[in-house]
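K.L.:
Chain order of the listed sequences is A and B.
Residue 310, in my numbering, is where the first sequence stops; the numbers in between run on with no holes.
Residue 485, in my numbering, is where the second sequence stops; the numbers in between run on with no holes.
For every residue, glycine included, the Cβ atom is placed at its ideal position computed from N, Cα and C.
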Amino acid sequence: MTSSTLGTPPSGWVNRHVLGFGRHSLAVAQMEIAKIGREPTELLTRAIQPALWLIVFGQVFTRTRAIPTGTMRYLDYLAPGVLAQSVLFSAIFYGLAVIWERDLGVVHKLLVSPASRSSLVFGKAISAGLRALAQAVIILALAAVLGVRLRTDVMSLMGVALVVVLGGALFSTFSFVIACLVKTRERFMGVGQVLTMPLFFASNAIYPLSMMPPWLRTISALNPLTYLVNALRALMIEGGEGTAGLGTDLLVLLAVFLVLVGIAANLYEGIVR
Amino acid sequence: MSEFELPVRPAVLTQALTRRFGELVAVDRLDLEIASGIIFGLLGPNGAGKSTTVKMLTTLLPPSSGRATVAGHDVVREPAAVRRQIGYVPQLISADGALSGYENLLLSAKLYDVPRKEQAARIDDALQFMGLTDAARAMVRTYSGGMVRRLEVAQALLHRPAVLFLDEPTIGLDPMARHAVWERLRESRTRYAMTVLITTHDMDEAEQLCDRLAIMNGGRLAATGTVAELKQRVGPSATLDDVFAHFAVGVITEGGSYRDVVNTRNTAERLG
Ligand SMILES: Nc1ncnc2c1ncn2[C@@H]1O[C@H](COP(=O)(O)OP(=O)(O)OP(=O)(O)O)[C@@H](O)[C@H]1O
Ligand SMILES: [Mg+2]
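1) Beta-carbon separation of arginine 75 of chain A and serine 127 of chain A under 8 Å?
2) Report all residues from its chain with a CB closer than 6 Å to the CB of lysine 268 of chain B; omit the five preceding and five following residues, and keep chain order.
3) Any beta-carbon of chain B closer than 8 Å to the one on glycine 57 of chain A?
4) Helix, strand or coil: which one does DSSP assign to threonine 227 of chain B?
5) Going by C-alpha to C-alpha distance, which of B/Leu312, B/Thr403 and B/Asp455 sits closest to isoleucine 251 of chain B?
6) Let me check you understand the geometry: is the CB of aspartate 380 of chain B closer than 7 Å to at least one non-hydrogen atom of ligand 2?
7) Threshold first: 3 residues or longer. Then list the beta strand (DSSP E) segments lying entirely within the segment 261-306 of chain B, N to C.
8) Using the C-alpha atoms, what's the distance from phenylalanine 234 of chain B back to valine 214 of chain A?
9) Grab the span of the alpha helix (DSSP H) containing methionine 234 of chain A for me, first residue to last.
10) Give the DSSP-derived three-state secondary structure of alanine 375 of chain B in the structure shown.
11) Any Cβ of chain B within less than 8 Å of the Cβ of alanine 301 of chain A?
12) Could you give the residue range of the beta strand (DSSP E) that holds isoleucine 411 of chain B?
13) Only counting the same chain, and skipping five residues up and downstream in sequence, which positions put a Cβ closer than 6 Å to that of glycine 310 of chain B?
14) Tell me where the alpha helix (DSSP H) around leucine 265 of chain A begins and ends.
15) Identify the contact partners of leucine 269 of chain A in chain B, using a Cβ-Cβ distance below 7 Å as the criterion.
16) Who are the neighbours of arginine 60 of chain A on chain B, taking C-beta pairs under 7 Å?
17) Taking 8 Å as the threshold (C-beta atoms), are lysine 146 of chain A and serine 307 of chain B in contact?
18) For the beta strand (DSSP E) containing threonine 437 of chain B, name the first residue and the last one.
19) Please classify asparagine 260 of chain A as buried or exposed, where buried requires at least 16 neighbouring CB atoms within 10 angstroms.
20) Does the beta carbon of aspartate 337 of chain B sit closer than 8 Å to a beta carbon anywhere in chain A?
21) With DSSP as the reference, identify every bridge partner of asparagine 430 of chain B, one or two as the case may be.
22) Could you tell me whether any non-hydrogen atom of ligand 2 is closer than 7 Å to the CB of serine 307 of chain B?
23) Taking the alpha-carbon positions, what's the histidine 459 of chain B to valine 447 of chain B distance?
24) Applying a beta-carbon distance threshold of less than 9 Å, which residues of chain A neighbour aspartate 309 of chain B?
25) Alpha carbon to alpha carbon, how far is serine 209 of chain A from alanine 281 of chain B?
26) Thinking phenylalanine 225 of chain A and leucine 304 of chain A are a contact (beta carbons under 8 Å), I'd like their distance in whole angstroms, please.
27) In the structure shown, what three-state DSSP assignment does glutamate 467 of chain B receive?
28) Would you give the residue range spanned by the beta strand (DSSP E) that glutamate 365 of chain B belongs to?
29) Cutting at 7 Å between CB atoms, please list the residues of its own chain near alanine 406 of chain B, excluding the five before and the five after it.
30) Using CA atoms only, rank isn't needed, just tell me which of A/Arg188, A/Gly59 and A/Ala169 is closest to proline 77 of chain A.
31) Using a Cβ cut-off of 8 Å (strictly closer), state whether glutamine 230 of chain A contacts chain B.
32) Measure from the alpha carbon of arginine 222 of chain B to the alpha carbon of each residue in B/Ala239, B/Ile247, B/Ala229 and B/Glu331, then state which is nearest.
33) Which chain B residues sit within Cβ distance under 9 Å of proline 46 of chain A?
34) Going by DSSP, what residue range makes up the beta strand (DSSP E) through isoleucine 252 of chain B?
35) Name, please, each residue of chain D whose Cβ falls closer than 8 Å to the Cβ of arginine 254 of chain A.
36) Are leucine 410 of chain B and valine 376 of chain B touching if we call contact CB-CB under 8 Å?
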């Protein structure tokens, strides 16, 4: 034999499983992040839609006061909702990249490697979260220009960044799961379009839960986007607060994310069959 | 006890390996034994079940029944152990076009736990060996078909696999590029003492590159042996084309679904 290390896994359980998970996730995330940096125009074009929401919708409804947001100005109320929306929209089509990789054969290469499926899914989720963060920076800058009362202390900003990454990771993994189920681009586009708007409107992104009929309120309470909006509202805006408490919001987001990673890791192999 | 007295374990062993897709039996009770250290060619018309066999051996697809071991590990019960021992270049394009050649190799090195301090040296060595040093920093989408294939082989070799699986590696390549890939394969086989399983439609490739061949037809093993043995079985002056026609008879019109043709053409187009 030529090499004694041939095909031997790294020694030690912790090194192999725990550190291995970290190393493999990081490797995948690093490559995905390199790709984001190469498409800066995409980040900008994707910022157009949220900009319109803030500038047009936000200005008009702030003036008419049609939406009761208590002591908060409507524009301040809306800004975290628009940020959450951009997180959702930038992540929800992540599955297209997964299908693209499947049609090529990149997935095959990833799946025959010794890296665990969950580390691959996790790495991709984190990179999608960071993509959402890059988007968020643009939107926050715009909100500041429009005079939204943003919190500017370091802790709040770090909190917002963390929640944006978590939200992007969550919705991209949701998208990943759908991609594994439908497998083709056409079907994915169909499902993606059908899901996005209901997710958005059945949340408190642009109007408070109190305005909703009871059935919609129930759906909103099951919608992860509501928790994302809540967390952002509490962290981002002077005097802003969510409806359930920041701790609950973060726990729900984290739990949903981890469950989705588990599901995606289990479905991932099926995509090449 | 000396290592030489142990019976040589076959690199690949399948017993009644079967895969169904609904009604269709894509691989039908396949018995295959591939000795360690050889280049083994798997031939067969479109839809014969070559890729399905390779996918089962690389743990991508669970068999419907039967069993298979690769490098001594069962593909169903020990998939993780199998994955550490194999390299795989799929029929489709597996290099990431949005990354550079270097980045593609780095990703492989990391996913295969190549020790950190060895990564750079191995990648440089692989790039040089494959003649890609100058193109290392360019995006793979700007590569020619031959360069992409050489990069993919380099990626698959980085962790020094015991068995390398190549699914139609030279499809869509011009003769020069094809010869370059063959050269690299021959040399790495000797360098790393590995076994190579290659599927192909190219009789030239089968004849010049492979030590042994198997011909599949409609999911079944139609014949196996060295090129010379197979020729002898068909007739005194038979060519490998004659051998292929003889053993793959009757399916040329029925084999190969729309989906196969689309896949093959896509690959050829992306490489071409
Ligand atoms: N995921 C799948 N679902 C349904 N049928 C499949 C699937 N994959 C392969 N098949 C069918 O199984 C048969 C064998 O396919 P396979 O891809 O193994 O053939 P092949 O020998 O590799 O052909 P080619 O030379 O065209 O690559 C074909 O009839 C194909 O249509
Ligand atoms: Mg094939």
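P.N.:
Straight from the coordinates:
1) In the first sequence, counting from the first residue as 1, residue 75 of chain A sits at position 38. In the first sequence, counting from the first residue as 1, residue 127 of chain A sits at position 90. The answer is no: Cβ separation not under 8 Å.
2) Start at 1 with the first residue of the second sequence, and residue 268 of chain B comes out as number 55. Leu274.
3) Walking along the first sequence from the start, residue 57 of chain A turns up at place 20. Yes, contact with chain B.
4) Your numbering for residue 227 of chain B matches position 14 in the second sequence. Threonine 227 of chain B: strand per DSSP, three-state reduction.
5) Mapped onto the second sequence, residue 251 of chain B falls at position 38. The candidate whose alpha carbon is nearest that of isoleucine 251 of chain B is B/Thr403.
6) Along the second sequence, read from residue 1 onward, the residue named residue 380 of chain B stands at position 167. Under cutoff, so the answer is yes.
7) 278-283 and 299-302
8) Taking the first sequence and counting its residues from 1, one reaches residue 214 of chain A at position 177. Taking the second sequence and counting its residues from 1, one reaches residue 234 of chain B at position 21. Taking the straight line from one Cα to the other gives about 23 Å.
9) As a position in the first sequence, residue 234 of chain A is number 197, starting the count at 1. Looking at the DSSP string, the run of the alpha helix (DSSP H) that includes methionine 234 of chain A is 222-238.
10) Here the question's residue 375 of chain B lines up with position 162 in the second sequence. Three-state result, alanine 375 of chain B: coil.
11) Your numbering for residue 301 of chain A matches position 264 in the first sequence. No, no contact with chain B.
12) In the second sequence, residue 411 of chain B corresponds to position 198, counting from 1. From DSSP, the beta strand (DSSP E) with isoleucine 411 of chain B extends over 408-413.
13) One-based indexing of the second sequence puts residue 310 of chain B at position 97. Result list for glycine 310 of chain B: Val353 and Arg354, in chain order.
14) Taking the first residue of the first sequence as 1, we reach residue 265 of chain A at position 228. Segment 261-273, the alpha helix (DSSP H) holding leucine 265 of chain A.
15) As a position in the first sequence, residue 269 of chain A is number 232, starting the count at 1. Residues of chain B passing the Cβ test: none, with the nearest at roughly 30 Å.
16) Taking the first sequence and counting its residues from 1, the one referred to as residue 60 of chain A is at position 23. Correct list: Lys323.
17) Along the second sequence, one-based indexing puts residue 307 of chain B at 94. Along the first sequence, one-based indexing puts residue 146 of chain A at 109. Yes, the Cβ-Cβ distance between serine 307 of chain B and lysine 146 of chain A is below 8 Å.
18) For the purposes of this step, residue 437 of chain B is taken as residue 224 along the second sequence, with counting starting at 1. Run containing threonine 437 of chain B: 433-438, per the beta strand (DSSP E) assignment.
19) If you number the first sequence from 1, residue 260 of chain A lands on position 223. That one is buried.
20) As a position in the second sequence, residue 337 of chain B is number 124, starting the count at 1. For aspartate 337 of chain B, the answer is no, since every Cβ of chain A falls outside 8 Å of its Cβ.
21) Translated into the one-based positions of the second sequence, residue 430 of chain B becomes position 217. Its beta-bridge partners are B/Arg433.
22) Reading the second sequence from its first residue, position 94 is the one you call residue 307 of chain B. Serine 307 of chain B Cβ: outside cutoff for every heavy atom of ligand 2.
23) By one-based count along the second sequence, residue 459 of chain B stands at place 246. By one-based count along the second sequence, residue 447 of chain B stands at place 234. If you take the alpha carbons of histidine 459 of chain B and valine 447 of chain B, they lie about 7 Å apart.
24) In the second sequence, counting from the first residue as 1, residue 309 of chain B sits at position 96. Residues of chain A passing the Cβ test: Met68, Lys72, Glu138, Leu141, Val143 and Lys146.
25) For this step, residue 209 of chain A is matched to residue 172 along the first sequence. For this step, residue 281 of chain B is matched to residue 68 along the second sequence. Cα to Cα, the separation comes out at about 36 Å.
26) Taking the first residue of the first sequence as 1, we reach residue 225 of chain A at position 188. Taking the first residue of the first sequence as 1, we reach residue 304 of chain A at position 267. At roughly 14 Å, the Cβ-Cβ gap does not stay under 8 Å, so phenylalanine 225 of chain A and leucine 304 of chain A are not in contact.
27) Position 254 of the second sequence, counting from 1, holds the residue named residue 467 of chain B. Low confidence applies to glutamate 467 of chain B: its pLDDT is 47, below 50, so where it sits in the model is not reliable enough to give any reading.
28) Position 152 of the second sequence, counted from the start, is the residue given in the question as residue 365 of chain B. That residue, glutamate 365 of chain B, is in no beta strand (DSSP E); its alpha helix (DSSP H) goes 358-370.
29) What you label residue 406 of chain B is simply residue 193 of the second sequence in a count that begins at 1. Cβ neighbours of alanine 406 of chain B beyond the five flanking positions: Gly250.
30) One-based indexing of the first sequence puts residue 77 of chain A at position 40. Comparing Cα-Cα distances from proline 77 of chain A to each of A/Arg188, A/Gly59 and A/Ala169, the minimum goes to A/Ala169.
31) Position 193 of the first sequence holds residue 230 of chain A. Cβ-Cβ to chain B under 8 Å: no for glutamine 230 of chain A.
32) In the second sequence, counting from the first residue as 1, residue 222 of chain B sits at position 9. Nearest C-alpha to arginine 222 of chain B: B/Ile247.
33) Working through the first sequence from its first residue, we reach residue 46 of chain A at position 9. What proline 46 of chain A touches in chain B: Ala293, Ala294, Arg297 and Asp326.
34) The count along the second sequence starts at 1 and reaches residue 252 of chain B at position 39. Where isoleucine 252 of chain B is concerned, the enclosing beta strand (DSSP E) stretches over 252-256.
35) The structure shown contains no chain D; its protein chains are A and B.
36) Along the second sequence, read from residue 1 onward, the residue named residue 410 of chain B stands at position 197. Along the second sequence, read from residue 1 onward, the residue named residue 376 of chain B stands at position 163. Cβ distance < 8 Å, so leucine 410 of chain B and valine 376 of chain B count as in contact.
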